[in-house]
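Novice: Got a structure for you, questions after.
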Amino acid sequence: MQITPSAQSNSCITLNDVSFFYKAGEPALEHITFSVNHGDYLGILGPNGGGKTTLLKIILGLLTPQSGVVRIDNTLPSARASHLHIGYVPQKSDEEQWNFPATVEEVVLMGRTVRAGVLKKYAPVDFEAVERAMETTGITAYRAPRKNNFIHF
């Protein structure tokens, strides 16, 4: 995978000359440079094995590139806790049918767990953030009906 638009200083995600190798001599990502500004949308397309998931894992800080710099909100990975800034729900694509026992709204709400805490209750501000996220991404039509106007876990 090679991407090289110029990085911008007012961005929330910046990669500068990032390379990652799983095996010696076999690059998964090579010299990746790009930035994403606040409010922008980013689509990552490519063939199986093309480096899409590797790129996401590097942005999340789950993998460390062999070279280059990754910044989230102008902060280097060693100085940031990416889980406070980025919500990530991996998908499982190797199964034909996936019966995940949660509604779309509940999955979006999982992104608020780091703020609410695993054993704490969600606050109204969390549900407002979920509503905004669902409206912004155009997925409110997939909301499942709620019982008694609250979400069951």
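Each residue of the sequence shown is one higher than the last, beginning at 1 in full-length UniProt numbering. C-beta: ideal position from N, C-alpha, C; glycine also. Predicted model, so just to flag it, every value in this text is computed and none were measured.
Arg71 and residue 210 - do their beta-carbons sit closer together than 7 Å?
Specialist: With the chain represented from 1 up to 153, any question about residue 210 goes unanswered, as that position is not in the structure.
Novice: Distance check for Ile58 and Ser93, CA to CA, integer angstroms please.
Specialist: Here Ser93 scores only 48 on pLDDT, less than 50, and its place in the model should not be relied on; the value that follows carries that caveat. Roughly 20 Å separates the two Cα atoms.
Novice: In angstroms, rounded to a whole number, what distance separates the CA positions of Ser67 and Lys52?
Specialist: Those two C-alpha atoms are separated by around 17 Å.
Novice: Using a 10 Å radius around the Cβ and a threshold of 16 neighbouring Cβ atoms, would you call Glu128 buried or exposed?
Specialist: By the neighbour-count rule (16 or more Cβ atoms within 10 Å), Glu128 is not buried but exposed.
Novice: When burial is assigned at 16 or more other CB atoms within 10 Å of the CB, is Val130 buried or exposed?
Specialist: Label assigned to Val130: buried.
Novice: Look at the alpha carbon of Thr103 and the alpha carbon of Leu42, and state the distance between them as a whole number of angstroms.
Specialist: Straight-line Cα distance between these residues: approximately 24 Å.
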